[in-house]
Structure formats: structure tokens, C-alpha cells
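Engineer: One structure, as C-alpha cells, below. Some questions next.
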Amino acid sequence: MHGVGEKLANKVWEIIESGDLQKLNELSSTEEMQAISLFTNIWGVGATTARGWVFYYHFHACLLSVCLVRNIVTVFWYSA
Numbered sequence: 697m698h699g700v701g702e703k704l705a706n707k708v709w710e711i712i713e714s715g716d717l718q719k720l721n722e723l724s725s726t727e728e729m730q731a732i733s734l735f736t737n738i739w740g741v742g743a744t745t746a747r748g749w750v751f752y753y754h755f756h757a758c759l760l761s762v763c764l765v766r767n768i769v770t771v772f773w774y775s776a
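Read in order, the letters of the sequence shown are residues 697 to 776 in the working numbering.
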């Protein structure tokens, strides 16, 4: 295709030949993308906000996992 890079041209041909794009299907089936899709169904929530919420959840879930593994039961937050 004239004016189109090789990678994009390959993706266009994949869609033309199969009617689908495998990479898109793989990405959209991840847990993170499903959560983002769910959040963007809320009125006023766009992709950026939804991604932030998903990141916030994963960050705190990881922090909780570290606390549980290290047997840290109580975490105190002090504000000055």
C-alpha cells in the first residue's frame, strides 16, 4: 500500500483476510482491559480515568500482598 508502513499494511491485510485482528483480540481479553471497558460504561468516565482507577486498584492490591507476605498486619497513616 502506498503511503502506509509495513506493520500497518500487514494489519490491514489481516483484517481484510480474516475479518479480525488477533493482537486486538488478545489485548481486549486481558483482565485490565475488561476492567477499563467496564469503567468507561459509567457516564463521564473516559479511558484515562478508567486506567487510573485500574492502576490504583493494582497498586493497592500489590501493596496489600507485600504486607501480608511480610506479616505486617497494621499499617498506620499519619498526617502532619
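Glycine included, each C-beta is placed from N, C-alpha and C at the ideal position.
Assuming V750 and I732 are in contact, meaning their beta carbons sit under 8 Å apart, how far apart are those beta carbons, in whole angstroms?
Structural biologist: So it is a contact: roughly 6 Å between Cβ atoms.
Engineer: Could you give the residue range of the alpha helix (DSSP H) that holds V700?
Structural biologist: Per DSSP, V700 belongs to no alpha helix (DSSP H) and is neither H nor E.
Engineer: Measuring straight from C-alpha to C-alpha, what distance separates G742 and T736?
Structural biologist: Those two C-alpha atoms are separated by around 5 Å.
Engineer: Can you tell me the Cα-Cα spacing of G699 and R747, whole angstroms?
Structural biologist: So the alpha carbons of these two residues sit roughly 33 Å apart.
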